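Notes follow the structure.
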Ligand SMILES: Cc1ncc(COP(=O)(O)O)c(C=O)c1O
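Residue numbers (this note's numbering): 2 to 480.
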């Protein structure tokens with residue numbers, strides 16, 4: 002496995018690429034609860050054909066590739082209707098949720114630079130449960146994140162948001178739903194605050210917009226979150242999640258062009274051709290757009306409404322089953338949309354439970370503890386999980402019984418003895434050595450590593466994760 006010196010035959014290359022995938026997590030069978038949204042075999046084949054049809058086209062220039070503009074406008078039209086927008090609603094397709102959130106904040110910052118030049122340190126109000134990409138945006142664009150608490154229901158605390166407003170505030174953000182606990186923030190109340198204070202209000206419906214938008218249309222609960230809510234000025238919805246499009250596709254919509262125009266980067270004073278970049282990238286493949294256009298036509302408006310209903314039903318069946326397993330508890334009551342999180346009683350080590358489920362072929366998402374909840378397991382439920390409920394719950398119940406037999410963990414004790422309140426590099430090595438963890442060769446069962454991470458201060462965890470990534474990505478020299 003290295004890049005060839007003198008070139009290779011296409012069949013040979015393709016067969017090696019296929020082989021390369023063999024270590025990847027299997028995802029077609031509904032055993033993975035994150036990362037991939039499988040539209041079914043027929044939908045996948047359609048996606049791939051549409052994507053490769055436009056793989057080579059370049060979204061840099063709308064005048065050379067009107068096909069891409071036409072597809073983008075169709076998708077945005079669909080999303081305007083889905084999000085109850087009107088004739089003023091505008092937007093763009095970005096490469097994903099992170100880019101949509103980065104752009105929503107950059108737009109707010111650049112708008113403030115023009116309309117409120119006295120603001121030199123712009124602030125955005127972020128309820129504690131917002132996605133990490135908001136913090137990334139603050140770090141990239143030099144915006145101050147003002148984090149506000151959430152309530153016992155894990156939803157943004159409305160009064161805390163009101164009190165956090167200062168003359169430097171440029172935007173309020175909220176989630177519909179938030180990732181970790183899957184609940185929808187009180188968008189209507191926050192919208193009132195935004196209106197009263199003349200602030201931008203971005204709703205991050207990246208993960209759940211296609212679900213919460215479909216729910217009332219399918220006769221389920223209405224969680225108002227979109228342009229029908231007074232005060233909402235922008236909304237992001239990832240089509241590469243519950244839109245079942247290929248990766249690289251999110252929709253970012255604004256209430257009007259008066260706001261969207263600040264998203265653009267335009268350059269007419271460099272030595273090359275004039276540049277107008279509505280989104281972050283300049284050259285970009287047309288593949289994700291074509292894939293999204295195709296899969297949206299495949300399911301249709303009604304198809305997404307049906308998918309929302311079925312997915313919420315699957316989620317509720319799974320959550321109800323988890324709650325019935327002695328020792329497990331779903332946080333936040335009945336799931337509001339298509340995600341939920343559960344914790345374990347003390348006699349069950351959640352890190353071991355995660356490994357045990359992994360061992361049985363289920364890939365769940367472990368989340369480290371915060372002041373809101375101890376370490377927990379998160380499930381993002383989608384179309385691929387309809388029909389796996391019984392098998393999953395049976396395996397989970399039996400995994401819990403297996404984990405109950407595991408000897409109590411020594412991690413806390415070892416860490417107390419070695420760290421003595423101070424995390425030095427040497428002390429960390431001692432902890433690892435005593436627990437039998439080789440930091441250069443991580444084990445398949447990660448319970449011990451995860452438990453150590455859960456007990457360390459966040460700053461140390463960040464440092465360790467950074468180093469881990471540096472170790473993963475190393476150029477493999479071919480000669
Ligand atoms: C609520 C929310 N916002 C934003 C994102 C970021 O999306 P992406 O991974 O496509 O960049 C996610 C991803 O899970 C999310 O759950």
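Heads up, the beta-carbon is just placed ideally off N, CA and C, and yes, glycines get one too.
As the structure is a computational prediction, the values presented were derived from the model and not from experiment.
- Boundaries of the beta strand (DSSP E) around residue 330: 329-331.
- The beta carbon of residue 305 sits closer than 7 Å to the beta carbons of 211, 215 from its chain, once the five residues preceding and following it are set aside; these are given in chain order.
- Relative to residue 269, the option among 278, 261, 263, 262 whose CA is nearest is 278.
- The beta-carbon separation of residue 330 and residue 3, rounded to 49 Å, does not stay under the 8 Å limit for a contact.
- Residue range 340-345 is occupied by the beta strand (DSSP E) that includes residue 340, with no alpha helix (DSSP H) assigned at that position.
- Beta-bridge partners assigned by DSSP to residue 252: 94, 238.
- Proximity to residue 316 across 147, 225, 183, 416 peaks at 183, based on C-alpha coordinates.
- Of 130, 371, 310, 453, the smallest CA-CA separation from residue 179 is found for 130.
- The beta carbon of residue 341 is closer than 7 Å to those of 183, 316, 320, 331, 380 in its chain, skipping five residues each way along the sequence.
- Note that the C-beta distance between residue 138 and residue 102 is below 8 Å.
- Nearest C-alpha to residue 401 among 429, 359, 427: 359.
- The continuous beta strand (DSSP E) containing residue 124 extends over residues 124-128.
- Put simply, the backbone Cα of residue 71 is about 31 Å away from that of residue 115.
- Here residue 308 is near residue 384, since their CB atoms are less than 8 Å apart.
- Relative to ligand 1, residue 170 has its C-beta separated by 7 Å or more from all heavy atoms.
- Contact between the segment 468-476 and the segment 412-429 is absent: fewer than 3 CB-CB pairs across the two stretches fall below 8 Å.
- Residue 435 is positioned such that its CB atom lies closer than 8 Å to that of residue 419.
- At a Cβ-Cβ threshold of 8 Å, residue 200 and residue 167 do not count as neighbours.
- The beta carbons of residue 60 and residue 287 sit closer together than 8 Å.
- Here the distance from the Cβ of residue 429 to the nearest heavy atom of ligand 1 is not below 7 Å.
- Contact between residue 322 and residue 394 holds, since their C-beta atoms are separated by about 4 Å, short of 8 Å.
- In this structure, the beta-carbon distance from residue 213 to residue 226 falls below 8 Å.
- Within the chosen limit of 7 Å, ligand 1 reaches the beta carbon of residue 251 through at least one heavy atom.
- Closest option to residue 85, judged by alpha-carbon separation, among 221, 119, 233, 127: 233.
- Residue 439 carries a coil assignment under DSSP once its states are collapsed to helix, strand and coil.
- In this structure, residue 177 sits away from residue 126, with a CB-CB distance that is not shorter than 8 Å.
- DSSP places residue 268 within a strand segment (E or B) once states are collapsed to three.
- For residue 267, the distance from the CB to the nearest heavy atom of ligand 1 is not below 7 Å.
- Residue 89 counts as exposed, since fewer than 16 other C-beta atoms from the protein chains shown sit within 10 angstroms of its C-beta.
- Under the DSSP assignment, residue 175 falls in the beta strand (DSSP E) whose first and last residues are 170-176.
- Burial state of residue 350 is buried, judged by a 10 Å Cβ sphere holding 16 or more other Cβ atoms.
- For residue 469, the enclosing alpha helix (DSSP H) starts and ends at 459-473.
- Counting C-beta atoms within 10 angstroms of its own C-beta, residue 459 has fewer than 16 neighbours from the protein chains shown and is therefore classed as exposed.
- If the five residues before and after residue 105 are omitted, its C-beta is found closer than 6 Å to the C-beta atoms of 203, 235, all from its own chain and listed in chain order.
- Here residue 50 is actually not in contact with residue 58; their C-beta atoms are around 14 Å apart, not less than 8 Å.
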